[in-house]
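Residue numbers (the numbering used here), protein chains in the order written: chain A, 1 to 482; chain B, 1001 to 1370.
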């Protein structure tokens, strides 16, 4: 009797795994198809509007770039210099030193001739204690807020409290923005006053040549781990976020680069930190979910979108341990953000967010790794106990492998259709190879780290998640990551 | 790639078992068919990506070749050493739209007679572009309208003006911008009449577009601002544009709008800013009245206007707002107004007073005028 029940349970579980697999890949396939149409349309649209024309017109609204920095002594000066060279008519940079334990503040002081000066708060979001505010004598649009440690969200709120422009750009200290990134990302706000948030694409800088804070030559990194992440980012942004955005159901804007309407974010309570609505490591996603909720509950017409041409370059981990910590943190962020707003799940009040995007992220992205990981174990056990033919298992994995490869190659195709940032033919063939290789080890490792993230979200672990940085490469050099 | 080998070998070795099993078992058959179908899809996608790469490389090479051939001729035409008609002969059949694209790129950088020369060069190749203005695809229409608009040939004005009513807001906006770029008041009425179509764009952006048409557009803008039947966003845009044009007669219209009472916060603020720029002491009573508004945005803007129009007697009012207004925004606006109107000493006192608003005064004193 027990054996029979165990067999039934096994069958049910296998059915769950199969359903998960079919649902997840169908969604990916669907968003890829939607993204294909949206990207084709977007490319044509880009041709019809001249970016320089937009810059020339005085209509571009002023923007504040808020850069939280915690122990960023290796990159803070270079990335700030690259921000100062952006091609945008009117913007301020607010670097928020979040109680760094290293020489971040001293490096900024030396490099930019900072002097202490008072700055009026424009909002009153609670944050950790602000020690001092500085302004650069060399660059009047550069400010540094020095505060006690409170986490990334707390730093963003501190920046938001002194932001005096209608829009602000939230980004990471280790991110390089392309010169025209602000001009491009502001477009949805110019085209539609309802826009409250827009995200740009994040690309991987490892392996690229960086000169004076500008990526001058794009190449795939030497490390396989970095290359695999290039493919992963292409899939996530060009197929995933573009698809969701075309469906008007953007639920994630990367914390590394996003533009927001200040007033709406302040009204919604700012970023979730220990001092506000409770700390989370996924403050970027949590804010977007909350913005949806805030606007819908208050009947505010709004639009949250993703556009693929404003580019931010970021350094990805090249060591397993650092990558593991990053993915653990991302998964924790996802889980925390979604569980906080559970009432949106299948709630008609939240429209397609409640019925499409939220259920996808909640059921497939949050619980998915747990199902997948358990699936690996149970499948192996099933074969080991002789309960299923190894041929079935191999055939099933073959379907998963070919389906996954098809989706990755589709993402490479989308890149080819639009931006073609990797100019060498060898890069294209390498990406194809990686599309197949990633299923052997990398995907399983990611699943493992994501499961760890889900578990640690239950344990409520917090932290920035450290990654030792080497800094962006010097002139003529090649960034090889950390 | 290496990782796939063991799997492929396992499958190949089991083929003699796989085929009969697949024929007997429906689930297995579905899996095998799925693998086959997905494999074909993967290969097709891969081939498409490679073909796209090859086509793009080819296209870039062709474009480079054509540019290298045409660009020196363009410069000859612009320098007046060659007739535009002579360059047309260099355009082979099939290259016409590339040629128009290159002309367009140059046309964006030049004005006046130089642009006319470029337009003449492209003129015979424009009929296919005109056809696209009426096409089904909004992005293609947008590109076509942009081409016709940028080249500024009067014979295609009708197409550009008609595009103001295009169902796509993007196409309509491109048409409006193209007409605005002509800097000629004759198109102002067409654009102004469709302003309501562009209210989802930022008002300052639209105002810049309108003011770029030159001072002759001011009369139409004043009418728009004065018309209570229009939505307040449109009227606000007109007020911002009038301010950018420094249009003195519009001060009276702004006073009239402010006297209407109630109204939209953005419209009132735009009128107060307009008064701050083009008003005079005769409008002071209106501005002073608005400093007591319940809305902090209106109050802050009114204090800003008072800073430029005000009399010495207004310093006390500004001082009080800088010290005591419940809104930080109003306090900072009043502090800036104090600085602008010769009240820097008052600000210095506030900065050293250890008052809750001392930081406001310090910041304003430190600010560099833009």
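The beta-carbon is built from N, C-alpha and C at its ideal position, and this holds for glycine as well.
Chain B within 7 Å of residue i, Cβ atoms only
{"i": "residue 309/A", "result": "no"}
{"i": "residue 410/A", "result": "yes"}
{"i": "residue 41/A", "result": "yes"}
{"i": "residue 29/A", "result": "no"}
{"i": "residue 267/A", "result": "no"}
{"i": "residue 58/A", "result": "Confidence is the limiting factor: at residue 58/A the pLDDT is only 49, short of 50, which leaves the residue's position unreliable, though a coordinate-based value still follows. Cβ-Cβ to chain B under 7 Å: yes for residue 58/A."}
{"i": "residue 418/A", "result": "no"}
{"i": "residue 258/A", "result": "no"}
{"i": "residue 44/A", "result": "yes"}
{"i": "residue 428/A", "result": "yes"}
{"i": "residue 453/A", "result": "no"}
For residue j and residue i, the rounded distance between their alpha carbons
{"i": "residue 127/A", "j": "residue 157/A", "result": "7 Å"}
{"i": "residue 139/A", "j": "residue 84/A", "result": "8 Å"}
{"i": "residue 9/A", "j": "residue 306/A", "result": "42 Å"}
{"i": "residue 1209/B", "j": "residue 1073/B", "result": "33 Å"}
{"i": "residue 1333/B", "j": "residue 168/A", "result": "21 Å"}
{"i": "residue 15/A", "j": "residue 362/A", "result": "19 Å"}
{"i": "residue 1081/B", "j": "residue 1092/B", "result": "22 Å"}
{"i": "residue 88/A", "j": "residue 1204/B", "result": "16 Å"}
{"i": "residue 1071/B", "j": "residue 1060/B", "result": "16 Å"}
{"i": "residue 144/A", "j": "residue 132/A", "result": "8 Å"}
{"i": "residue 1179/B", "j": "residue 1161/B", "result": "8 Å"}
{"i": "residue 1146/B", "j": "residue 1139/B", "result": "10 Å"}
Residue range of the unbroken alpha helix (DSSP H) whose run includes residue i
{"i": "residue 1329/B", "result": "1328–1340"}
{"i": "residue 1112/B", "result": "1112–1122"}
{"i": "residue 264/A", "result": "262–267"}
{"i": "residue 1240/B", "result": "1232–1244"}
{"i": "residue 176/A", "result": "Here residue 176/A belongs to no alpha helix (DSSP H); instead the beta strand (DSSP E) covers 175–177."}
{"i": "residue 427/A", "result": "425–437"}
{"i": "residue 161/A", "result": "152–161"}
{"i": "residue 1059/B", "result": "1026–1078"}
C-beta neighbour in chain A for residue i, strict 7 Å
{"i": "residue 1366/B", "result": "yes"}
{"i": "residue 1030/B", "result": "no"}
{"i": "residue 1362/B", "result": "yes"}
{"i": "residue 1102/B", "result": "no"}
{"i": "residue 1096/B", "result": "no"}
{"i": "residue 1352/B", "result": "no"}
{"i": "residue 990/B", "result": "This structure cannot speak to residue 990/B, because chain B is shown only from 1001 to 1370."}
{"i": "residue 1201/B", "result": "yes"}
{"i": "residue 1161/B", "result": "no"}
Residue i, DSSP secondary structure in three states
{"i": "residue 1187/B", "result": "helix"}
{"i": "residue 169/A", "result": "strand"}
{"i": "residue 88/A", "result": "coil"}
{"i": "residue 204/A", "result": "strand"}
{"i": "residue 146/A", "result": "strand"}
{"i": "residue 252/A", "result": "coil"}
{"i": "residue 1366/B", "result": "helix"}
{"i": "residue 1092/B", "result": "coil"}
{"i": "residue 33/A", "result": "helix"}
{"i": "residue 219/A", "result": "coil"}
{"i": "residue 306/A", "result": "strand"}
{"i": "residue 1182/B", "result": "coil"}
{"i": "residue 69/A", "result": "strand"}
{"i": "residue 211/A", "result": "strand"}
{"i": "residue 1325/B", "result": "coil"}
{"i": "residue 25/A", "result": "helix"}
{"i": "residue 14/A", "result": "helix"}
{"i": "residue 1227/B", "result": "coil"}
{"i": "residue 312/A", "result": "strand"}
{"i": "residue 520/A", "result": "This structure cannot speak to residue 520/A, because chain A is shown only from 1 to 482."}
Whole-Å CB distance - residue i paired with residue j, under 8 Å assumed
{"i": "residue 1063/B", "j": "residue 1098/B", "result": "7 Å"}
{"i": "residue 406/A", "j": "residue 1045/B", "result": "6 Å"}
{"i": "residue 61/A", "j": "residue 189/A", "result": "7 Å"}
{"i": "residue 311/A", "j": "residue 235/A", "result": "Actually they do not touch by this definition, with Cβ atoms about 16 Å apart."}
Check: residue i C-beta below 6 Å from any heavy atom of the ligand ATP
{"i": "residue 1326/B", "result": "Absent from the structure shown: the ligand ATP. Ligands present: none."}
The beta strand (DSSP E) enclosing residue i, as first and last residue numbers
{"i": "residue 134/A", "result": "130–136"}
{"i": "residue 116/A", "result": "114–116"}
*Report the residues of the stretch 95–126 of chain A with a CB closer than 8 Å to any CB of chain E, ordered along the chain.*
Of the chains in the structure shown, none is chain E; the protein chains are A and B.
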